[in-house]
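Accompanying notes for the structure given below.
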Amino acid sequence: MALAADPPSMSELDAAAADRVRVADLDGEQHADAFPGREPKTIRLSLEAGERVPEHEHPDRTVLFHALEGAIDVALGGDTHRVEAGEILRFEGESTVRPTPVEDAVALVVLAPRPAE
């Protein structure tokens, strides 16, 4: 009777199931997709002070908006939330959203699909 091969180690499993990217390497685009074609969609958003992003929605998603640098006013419906470096704003994607940088700013935005009900 042949013995089964040793099972993979935890580090081998982690390496096989993990993707890693340096946020700094995503520089150069306003909307840089960290893991193209993969879920949850993860975007590095880079905005200059005064730059405008059109109002939009992310239906069927939960949104995590993590300010990495600077400060951004995030308009959700009729309310505005200032998100400063180190802070995270969580909201449902059905809300209309319009980020407006208060100063040059960088954010990591995670668009997580919500399970069907």
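Counting from 238, one number per residue, gives the positions in the sequence shown under the numbering used here. Just so you know, even glycine gets a beta-carbon here, dropped at the ideal spot from N, CA and C.
Residue i - partner residues in DSSP beta bridges
{"i": "V343", "result": "S283, E306"}
{"i": "H318", "result": "V311"}
{"i": "L301", "result": "R327, V347"}
{"i": "R335", "result": "A312"}
Residue i burial status per 10 Å Cβ neighbour count (16 or more: buried)
{"i": "I280", "result": "buried"}
{"i": "P336", "result": "buried"}
{"i": "P291", "result": "exposed"}
{"i": "F302", "result": "buried"}
Range of the contiguous beta strand (DSSP E) that encloses residue i
{"i": "F328", "result": "325-329"}
{"i": "H268", "result": "268-270"}
Check whether residue i and residue j have beta carbons under 7 Å apart
{"i": "L263", "j": "A255", "result": "no"}
{"i": "A286", "j": "P350", "result": "no"}
(request) Would you check if there are 3 or more beta carbon pairs closer than 8 Å linking the stretch 320-328 to the stretch 301-310? (result) As far as the Cβ criterion goes, the stretch 320-328 touches the stretch 301-310, which means the pair count is three or higher.
(message) If contact is defined by three or more beta carbon pairs under 8 Å, each pair taking one atom from either stretch, is the stretch 269-289 in contact with the stretch 336-350?
(response) Under the Cβ criterion (8 Å, minimum of three pairs), the stretch 336-350 counts as touching the stretch 269-289.
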